[in-house]
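Novice: My questions all concern the structure below.
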């Protein structure tokens, strides 16, 4: 968002690309680099969730430095694919509506090299990561359903740890779903542009998936905020405050009832027939 939105907003206001060929290549490289890196990061997260929940032994040897190594490999992977168009395999080009730049999907219709590049990035940067994400979360759902009875026999500490893992998995699942929902329409339109008839996608239609894909940057903060609010509302401090408020109201009610009864007993005269 930081590297791309200023270029896109300024060009959109001017109704044309303003930053030249080198600016177009940088914009395309940054968009592909961060988009691919985000998807591969979520792929690694989903794989981690799968191994943590479905293969419990995995969690005993995973350390912080393993996470840093995974992140370094993820962004090196993204940098490799994003840099290929700069060195001759593939290319970056303006979008059909002329205010942004992206991968030159139309190369697939022009040369064998272009076809091989488009097919390679579709498989290694979309199909394979998406397949791993879907597989991981499907296996997690099956595992959670089958292990519900087993977890009930464990002690409280293991139950709490398992509950935390499930909550983290739900958040990761929402993030992956939001990202895929945002980017899959753009990928479909790109594939149609690459392998369909020329001008098979009208320019006004191509704008919609592009804007949807660019909006994916705002989904994660919303998901994190909602998850944080939900967690904070179920945390001990919030629950304690709610319990104290309910207890205070109960005590106030009991106190008022007690004094009313006492006053009634003191003020009410004894009937002669009761003596």
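Residue numbers (my numbering): 244 to 518. Idealized CB from N, CA, C, for every residue including glycine.
(1) Kindly list the residues whose CB is nearer than 6 Å to the CB of residue 254, restricted to its own chain and excluding five residues on each side of it in sequence; keep chain order.
(2) By alpha-carbon positions, which one of 438, 282, 384 ends up nearest to residue 421?
(3) May I have the straight-line CA-CA distance separating residue 308 from residue 315, to the nearest angstrom?
(4) Starting from residue 351 and walking both ways along the alpha helix (DSSP H), at which residues does that stretch end?
(5) Looking at C-alpha atoms only, which residue of 344, 423, 347 is the closest neighbour of residue 375?
(6) Jot down the residue ranges of each uninterrupted alpha helix (DSSP H) in the segment 351-386, minimum 4 residues, whole runs only, in chain order.
(7) Out of curiosity, what's the CA-to-CA distance linking residue 251 and residue 387?
(8) Under the DSSP definition of a beta bridge, which residues are partnered with residue 522?
(9) What does DSSP give as the partner residue(s) for residue 335 in the beta ladder?
(10) Just curious, the alpha helix (DSSP H) that residue 287 is in, first and last residue?
(11) From the DSSP output, in three-state form, read off residue 477 for me.
(12) Under 8 Å: do the segment 330-347 and the segment 269-281 share three or more Cβ pairs, one atom per stretch?
(13) Quick check on residue 250: does DSSP put it in helix, strand or coil?
(14) Does the separation of the CB atoms of residue 379 and residue 289 fall below 8 Å?
(15) Please return the same chain residues whose Cβ sits closer than 7 Å to the Cβ of residue 351, not counting the five positions on each side in sequence.
(16) Is residue 425 near residue 459, with beta carbons less than 8 Å apart?
(17) First and last residue of the alpha helix (DSSP H) that includes residue 260?
(18) Please determine, among 247, 286, 365, 324, the residue with the shortest C-alpha to C-alpha distance to residue 417.
(19) Please report the distance separating the alpha-carbon of residue 291 from that of residue 258.
(20) Could you have a look at residue 307 and say whether DSSP puts it in helix, strand or coil?
(21) Can you tell me whether residue 249 is buried or exposed? The criterion is at least 16 other CB atoms within 10 Å of its CB, across all chains shown.
(22) If you count every other CB in all the chains shown that lies within 10 Å of the CB of residue 324, and 16 or more means buried, which is it?
(23) Express the C-alpha separation of residue 414 and residue 465 in angstroms, rounding to a whole number.
(24) Are the CB atoms of residue 338 and residue 246 nearer to each other than 8 Å?
(25) Expressed to the nearest angstrom, what Euclidean distance is found between the alpha-carbon atoms of residue 419 and residue 445?
(26) For residue 311, count the other beta carbons within 10 Å of its own beta carbon; 16 or more makes it buried, fewer makes it exposed. Which is it?
(27) Please classify residue 275: is it buried, with 16 or more other beta-carbons within 10 angstroms of its beta-carbon, or exposed?
Specialist: The relevant details are as follows:
(1) 260, 261, 342
(2) 282
(3) 11 Å
(4) No alpha helix (DSSP H) holds residue 351; DSSP gives it neither H nor E.
(5) 423
(6) 355-365
(7) 44 Å
(8) Because the chain spans 244 through 518 in this model, residue 522 falls outside it and cannot be assessed.
(9) 346
(10) 263-297
(11) Low confidence applies to residue 477: its pLDDT is 49, below 50, so where it sits in the model is not reliable, and the reading given next is rough at best. The answer is coil: DSSP assigns residue 477 none of H, G, I, E or B.
(12) yes
(13) helix
(14) yes
(15) 357, 358, 361, 437, 438
(16) yes
(17) Per DSSP, residue 260 belongs to no alpha helix (DSSP H) and is neither H nor E.
(18) 286
(19) 44 Å
(20) helix
(21) exposed
(22) buried
(23) 11 Å
(24) no
(25) 29 Å
(26) exposed
(27) buried
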